[in-house]
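Working notes, beginning with the structure itself.
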Amino acid sequence: MGRATPVIPGFSLTLGYTLFYLSLFVLIPLAGLVFKTTQLTWGEFWHTITDPVVVAAFRLTFGASALAALINGICGLMVAWVLVREPFPGRKLFDALIDFPFALPTAVAGIAFSTLYIGSGWIGGFGDHLVSGTNWVAARLGHPDFIPSGALSFLDFPLSNTNAGIVVVLIFVGLPFVVRTVQPVLQEWDLEQEQAAESLGANGWTTFRRVIFPEIFPAWLSGMTLAFARAIGEYGSVIFIASNIPGKSQIVPLQIVTKLDEFQYSEATAIGVVLLFASLLILLAINGIEVWARRREQVA
Amino acid sequence: MFRSKIAVIGLVVAAAALAVGPARQARSGQDVTLLNVSYDPTRELYSAINDLFTEAYKAKTGVNVTVEQSHGGSSKQARAVIDGLQADVVTLGVGSDILAIEKAGLIKPGWQDRFPDNASPYTSTVAFLVRKGNPKHIKDWKDLLRSDVQVIVANPKTSGAARWSFLALWGATAGAKTYDLSTPEGLAASIAAGKAAKDFPAYKNAAALAAVTELYKHVPVLDTGSRGATVTFAQKGIGDVLLNWENELYLAQDEFGGDKFDIVYPSTSILGEPPVAIVDSVVDKKKTRAVAQAYLDFLYSKAAQDVIGQWHYRPRDIETLKKYSAELPPLKLFTVDETFGGWARAQKTFFADGGIFDQIYKPTN
Chain Y
1 MGRATPVIPG FSLTLGYTLF YLSLFVLIPL AGLVFKTTQL TWGEFWHTIT DPVVVAAFRL
61 TFGASALAAL INGICGLMVA WVLVREPFPG RKLFDALIDF PFALPTAVAG IAFSTLYIGS
121 GWIGGFGDHL VSGTNWVAAR LGHPDFIPSG ALSFLDFPLS NTNAGIVVVL IFVGLPFVVR
181 TVQPVLQEWD LEQEQAAESL GANGWTTFRR VIFPEIFPAW LSGMTLAFAR AIGEYGSVIF
241 IASNIPGKSQ IVPLQIVTKL DEFQYSEATA IGVVLLFASL LILLAINGIE VWARRREQVA
Chain R
301 MFRSKIAVIG LVVAAAALAV GPARQARSGQ DVTLLNVSYD PTRELYSAIN DLFTEAYKAK
361 TGVNVTVEQS HGGSSKQARA VIDGLQADVV TLGVGSDILA IEKAGLIKPG WQDRFPDNAS
421 PYTSTVAFLV RKGNPKHIKD WKDLLRSDVQ VIVANPKTSG AARWSFLALW GATAGAKTYD
481 LSTPEGLAAS IAAGKAAKDF PAYKNAAALA AVTELYKHVP VLDTGSRGAT VTFAQKGIGD
541 VLLNWENELY LAQDEFGGDK FDIVYPSTSI LGEPPVAIVD SVVDKKKTRA VAQAYLDFLY
601 SKAAQDVIGQ WHYRPRDIET LKKYSAELPP LKLFTVDETF GGWARAQKTF FADGGIFDQI
661 YKPTN
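So this is what it looks like as structure tokens:
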């Protein structure tokens, strides 16, 4: 076999270590999960995962996570673009801030967001605060009630305890993924290709669509996938901003915790297993698209 | 970058050493460490009682006892004990959670008779917290069902307090028989009636079912724990009335200011009996049964009963209860035993998978 000389020696050692490491931290816990679920009969398993409240939770978790990942896909791409291509004062600081959601305990984020977005909060009652602030200044200048109260209530965003609020916190926890996967590709990007496209008569939009985007597409897609996967498992921040009503605004992780609190371990793992396999399928599908895109690019 | 990583690792190691440190010293010579696994609101109560107990036990026996505390949602705490948390004693919010530990084989059956008063050294009840001046005129249970009233209460699947609240509304609507438990006669009569009760018509009460179904339509946020519900009501300003433990309502007043809220007592409510038990399998292994027994006995002493009153729980000792009667007025209360035939039955009917609570929230699509 004409295998190239490995950079790091000791193939069997590294392989053994990798397998051990993966088993210890991934395979054994997952096997335990599946094993615990097998204590249920098929009937019980089916009954657990088709309970309307559980189904509604799956719909909410996957729906909100997908929506948050898509928004992150678009906004994260713009953020990455601006950070790489548009020098502005304080860019380094903003760049560092991107990692913030990684480090912040998500419960803290949940509390902060839910306080901001309640009816009397800074964002939840932004229009009302604007009116009262302006009127306060106006009154000092001799024009009381400058703006009628409620005139700017379209600027209120009381998203606490709504499912839109769930999407907001999921956007927060997923933001770094898209930015951090797209950024290096943009940094490595050779400007000459753009200039070539331009010289061939392509306008800005065409250049972006036909030349730049195909190049960053695989990274962008994996960023979104990571954001999506992260959102599916998110618990800490969501329970603070969601209203947690069964069948309406309970996410799957909360369903699992609820089952555990009822001492129904097997039922809890059953929901966990479904979540796991559904996520796995989605990740595989997205991976497939990525591979297909890379191959197409190489052919082109 | 590399240096900061080392700093982080150092911190983690130091934190781990701190966490492990005290546990290692347990039972060297005359030192004993007890672990009391309790529910959410009792943090302050038990840290006050533990100091008194340590002192009293040292004076009596010369043994140094350190009582460690763990707090969290009642069911979550029970699960931790079932999963191997080495609790010498459990002091939980609901009897059904201790029943779950019993079912796992860690506590021997009959624990409810091993300590006086249903193994509950103190009681509490469910009452209302409303905005100052009671702008929505919320006086009694039926006012919670009005369409203009938003109610904050936790999810009974995950919160003990919410389970008591659910049963309180159900029993009050079903016209359960009540007692004045601040008198010895009332107390004796309620215990006798609880033992004698054979059938429980409250379960079949259609008005009660209609009432709880209606109530949860007025709940905009369903928090997972009683403390979360308090925060939603008091700090986030959501809802017109908070349904919670009496002691938690006083804590909210202490914490957020008495000028913001009023406590309203409904005409009748439930006798909340948070039970205590020794975890037999743990004390037998750790050989701490004598200390654990002394600790739980101590909860019934005058000194501990007084602390219980200070923290707005209702002391079992009638004299001590009288001392705090300005804050804890005599109420008409009904018991779970007489009205619902005990927690095992109530849990199964109302809160188990597919029970009445699940029916209320069954999505219609």
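Going down the list, the protein sequences come from chains Y and R. Each residue of the first sequence is one higher than the one before, starting from 1 at the first, in the numbering used here. Each residue of the second sequence is one higher than the one before, starting from 301 at the first, in the numbering used here. We treat Cβ as the ideally placed atom computed from N, Cα and C, and that holds for glycine. Predicted model, so just to flag it, every value in this text is computed and none were measured.
Task: Endpoints, alpha helix (DSSP H) assigned at GLY572 (chain R) - done: Walking along the second sequence from the start, residue 572 (chain R) turns up at place 272. Careful: GLY572 (chain R) lies outside any alpha helix (DSSP H) and carries neither H nor E.
Task: Distance between beta carbons of VAL173 (chain Y) and VAL79 (chain Y), contact taken as under 8 angstroms - done: Numbered from 1 along the first sequence, position 79 holds the residue referred to as residue 79 (chain Y). Numbered from 1 along the first sequence, position 173 holds the residue referred to as residue 173 (chain Y). 15 angstroms between Cβ atoms; not a contact.
Open item on the list: DSSP three-state label for PRO615 (chain R), please.
Closed with: On the second sequence, position 315 is the one that residue 615 (chain R) refers to. Secondary structure of PRO615 (chain R) (DSSP, three-state): strand.
Task: 7 angstroms Cβ shell around SER149 (chain Y) - same chain, five flanking residues per side excluded - done: In the first sequence, counting from the first residue as 1, residue 149 (chain Y) sits at position 149. Excluding residues within five positions, the ones whose Cβ falls inside 7 angstroms are VAL131.
Open item on the list: Quick check on this structure: which residue in R:TYR357, R:GLY525, R:LEU334 has the alpha carbon closest to the alpha carbon of ALA603 (chain R)?
Closed with: Counted from its first residue, the second sequence places residue 603 (chain R) at position 303. Nearest option by C-alpha distance: R:TYR357.
Open item on the list: With a threshold of 8 angstroms on Cβ separation, who are the neighbours of LEU33 (chain Y) within its own chain once the five nearest residues in sequence on each side are excluded?
Closed with: As a first step, residue 33 (chain Y) must be located in the first sequence, where it is residue number 33. So the list reads THR269, GLY272, VAL273, LEU276, once near-sequence residues are dropped.
Task: For TYR339 (chain R) and GLY373 (chain R), believed in contact at Cβ under 8 angstroms, the rounded distance - done: Within the second sequence, residue 373 (chain R) is the residue found at index 73, counting from 1. Within the second sequence, residue 339 (chain R) is the residue found at index 39, counting from 1. About 7 angstroms; that satisfies the 8 angstroms criterion.
- [ ] Have a look at Y:PRO214, Y:PRO158, Y:VAL55 and flag the residue whose alpha-carbon is nearest the alpha-carbon of ALA278 (chain Y).
- [x] Sequence index remark: in the first sequence, residue 278 (chain Y) carries index 278 (1-based). For ALA278 (chain Y), the closest alpha carbon among the candidates Y:PRO214, Y:PRO158, Y:VAL55 is that of Y:VAL55.
Task: Closer than 8 angstroms to chain R by CB, PHE263 (chain Y) - done: Position 263 of the first sequence, counted from the first residue, corresponds to residue 263 (chain Y). Yes, because at least one Cβ of chain R sits closer than 8 angstroms to the Cβ of PHE263 (chain Y).
Open item on the list: Counting only Cβ-Cβ distances shorter than 9 angstroms, please list the residues of the segment 518–530 of chain R near chain Y, keeping chain order.
Closed with: Sequence-ordered contacts of the segment 518–530 of chain R with chain Y read VAL519, PRO520, VAL521, LEU522, ASP523, THR524, GLY528 [C-beta pairs closer than 9 angstroms].
Task: Neighbouring residues, chain Y, relative to LYS432 (chain R) (Cβ below 8 angstroms) - done: Residue numbering aside, residue 432 (chain R) sits at position 132 when the second sequence is read from its first letter. Result: empty, since nearest Cβ-Cβ is about 16 angstroms, beyond 8 angstroms.
Task: ALA326 (chain R) (DSSP reduced to helix, strand or coil) - done: Looking up residue 326 (chain R) in the second sequence gives position 26. Only weak support exists for where ALA326 (chain R) lies, its pLDDT of 39 falling under 50; the coordinates are left without a value.
Open item on the list: Counting only C-beta atoms, is LYS504 (chain R) closer than 8 angstroms to chain Y at any point?
Closed with: One-based indexing of the second sequence puts residue 504 (chain R) at position 204. Interface criterion not met: the Cβ of LYS504 (chain R) is under 8 angstroms from no Cβ in chain Y.
Open item on the list: When you compare the CB positions of SER526 (chain R) and ALA454 (chain R), do they come within less than 8 angstroms of one another, or not?
Closed with: Numbered from its first residue, the second sequence carries residue 526 (chain R) at position 226. Numbered from its first residue, the second sequence carries residue 454 (chain R) at position 154. Going by C-beta atoms, SER526 (chain R) is nearer than 8 angstroms to ALA454 (chain R).
Task: Near the ligand NAP: PHE240 (chain Y) beta-carbon under 7 angstroms from a heavy atom - done: This structure lacks the ligand NAP; in fact it carries no ligand of any kind.
- [ ] Pick helix, strand or coil for GLN255 (chain Y), following the three-state DSSP scheme.
- [x] For the purposes of this step, residue 255 (chain Y) is identified with residue 255 of the first sequence, where counting begins at 1. Here GLN255 (chain Y) sits in helix by DSSP.
TODO: Let me know if GLN710 (chain R) comes out buried or exposed under the rule of 16 or more other beta-carbons within 10 Å of its beta-carbon.
DONE: This structure gives no information on residue 710 (chain R), because the portion of chain R shown stretches from 301 to 665.
Open item on the list: I'd like to confirm the pairing. Which residues does DSSP put opposite THR391 (chain R) in its beta bridges?
Closed with: Translated into positions along the second sequence, residue 391 (chain R) becomes position 91. Paired residues: R:SER338, R:VAL576.
- [ ] Could you tell me which of R:ALA594, R:GLY539, R:VAL564, R:GLY537 sits nearest to LEU549 (chain R), measuring between CA atoms?
- [x] On the second sequence, residue 549 (chain R) is found 249 positions in, with the first residue counted as 1. The shortest C-alpha separation from LEU549 (chain R) is found at R:VAL564.
- [ ] Closer than 8 angstroms by beta-carbon distance: list the chain R residues that pair up with GLN118 (chain Y), in chain order.
- [x] Numbered from its first residue, the first sequence carries residue 118 (chain Y) at position 118. Sequence check: residue 118 (chain Y) is Ile here, not Gln. By Cβ distance, chain R contributes LYS536, GLY537, ILE538.
Open item on the list: Tell me the rounded alpha-carbon separation between ALA319 (chain R) and ALA378 (chain R).
Closed with: Here the question's residue 319 (chain R) lines up with position 19 in the second sequence. Here the question's residue 378 (chain R) lines up with position 78 in the second sequence. Annotation note: pLDDT 44 at ALA319 (chain R) (below 50); position unreliable, no value reported.
- [ ] Mind checking who GLU267 (chain Y) pairs with in its DSSP beta bridge?
- [x] On the first sequence, position 267 is the one that residue 267 (chain Y) refers to. DSSP, once it has assigned bridges, lists no residue as partnering GLU267 (chain Y).
- [ ] Give, in chain order, every residue of the segment 226–253 of chain Y whose Cβ lies closer than 9 angstroms to some Cβ of chain R.
- [x] Identification of residues in the segment 226–253 of chain Y having a C-beta nearer than 9 angstroms to some C-beta of chain R yields ILE239, PHE240, ALA242, SER243, ASN244, ILE245, PRO246, GLY247, LYS248, SER249, GLN250, given in sequence order.
TODO: Pull out every residue of the segment 354–385 of chain R whose Cβ sits closer than 8 angstroms to any Cβ of chain Y, in chain order.
DONE: Only GLY373, SER375, LYS376, ALA378, ARG379, ILE382 from the segment 354–385 of chain R bring a Cβ to less than 8 angstroms from some Cβ of chain Y.
TODO: Might you give, ordered along the chain, the residues of its own chain that have their beta carbon closer than 6 angstroms to the beta carbon of GLU638 (chain R), omitting 5 neighbours on each side?
DONE: Your numbering for residue 638 (chain R) matches position 338 in the second sequence. Within the same chain, GLU638 (chain R) has close Cβ partners ALA493, GLY494, ALA497.
Open item on the list: Please return the same chain residues whose Cβ sits closer than 8 angstroms to the Cβ of PRO144 (chain Y), not counting the five positions on each side in sequence.
Closed with: Translated into positions along the first sequence, residue 144 (chain Y) becomes position 144. Shown here for PRO144 (chain Y): same chain residues with a beta carbon closer than 8 angstroms to its own, the five before and five after excluded, namely ASN135, ALA138 in chain order.
Task: Cutoff 8 angstroms: VAL168 (chain Y) Cβ touching any chain R Cβ - done: Position 168 of the first sequence, counted from the first residue, corresponds to residue 168 (chain Y). Not closer than 8 angstroms to any Cβ of chain R, the Cβ of VAL168 (chain Y) fails to qualify, so no.
Task: Whole-angstrom C-beta distance between GLN647 (chain R) and SER396 (chain R), which should lie under 8 angstroms - done: By one-based count along the second sequence, residue 396 (chain R) stands at place 96. By one-based count along the second sequence, residue 647 (chain R) stands at place 347. SER396 (chain R) to GLN647 (chain R), Cβ: 4 angstroms. Contact.
Open item on the list: Quick check on this structure: which residue in R:ASN434, R:GLU546, R:SER447 has the alpha carbon closest to the alpha carbon of THR513 (chain R)?
Closed with: One-based indexing of the second sequence puts residue 513 (chain R) at position 213. Considering only alpha carbons, the answer is R:SER447.
TODO: Check whether the Cβ atoms of PHE157 (chain Y) and PHE177 (chain Y) sit closer than 8 angstroms, and answer yes or no.
DONE: In the first sequence, counting from the first residue as 1, residue 157 (chain Y) sits at position 157. In the first sequence, counting from the first residue as 1, residue 177 (chain Y) sits at position 177. For the pair PHE157 (chain Y) and PHE177 (chain Y), the CB atoms are not nearer than the 8 angstroms cut-off.
Task: Cβ neighbour criterion (16 or more within 10 Å) applied to ALA323 (chain R) - done: In the second sequence, the residue the question calls residue 323 (chain R) occupies position 23. The predicted model places ALA323 (chain R) with a pLDDT of 41, which falls under 50 and marks its position as unreliable; any figure quoted below should be read in that light. ALA323 (chain R) comes out exposed.
Task: Environment of ALA590 (chain R) [buried if 16+ CB atoms lie within 10 Å] - done: Within the second sequence, numbered from 1, the residue matching residue 590 (chain R) stands at position 290. Per the 10 Å Cβ criterion, exposed.
Task: Short-range partners of chain Y found in the segment 446–463 of chain R, where Cβ spacing is below 8 angstroms - done: So the list reads ASN455, LYS457, THR458, given in the order they occur along the chain.
- [ ] Indicate the three-state DSSP secondary structure (helix, strand or coil) for SER199 (chain Y) in the structure shown.
- [x] Indexing the first sequence from 1 puts residue 199 (chain Y) at position 199. Helix.
Open item on the list: Which same chain residues end up closer than 6 angstroms to GLN250 (chain Y) when comparing Cβ atoms and leaving out the 5 residues on each side of it in sequence?
Closed with: Residue 250 (chain Y) sits at position 250 when you count from the first residue of the first sequence. Once the five neighbours on either side are set aside, the close Cβ partners of GLN250 (chain Y) are ALA57, ASN244.
Open item on the list: Using a Cβ-Cβ distance cut-off of 8 angstroms, determine whether ASN161 (chain Y) contacts chain R.
Closed with: Position 161 of the first sequence, counted from the start, is the residue given in the question as residue 161 (chain Y). Taking Cβ atoms only, chain R reaches closer than 8 angstroms to ASN161 (chain Y), which makes this a yes.
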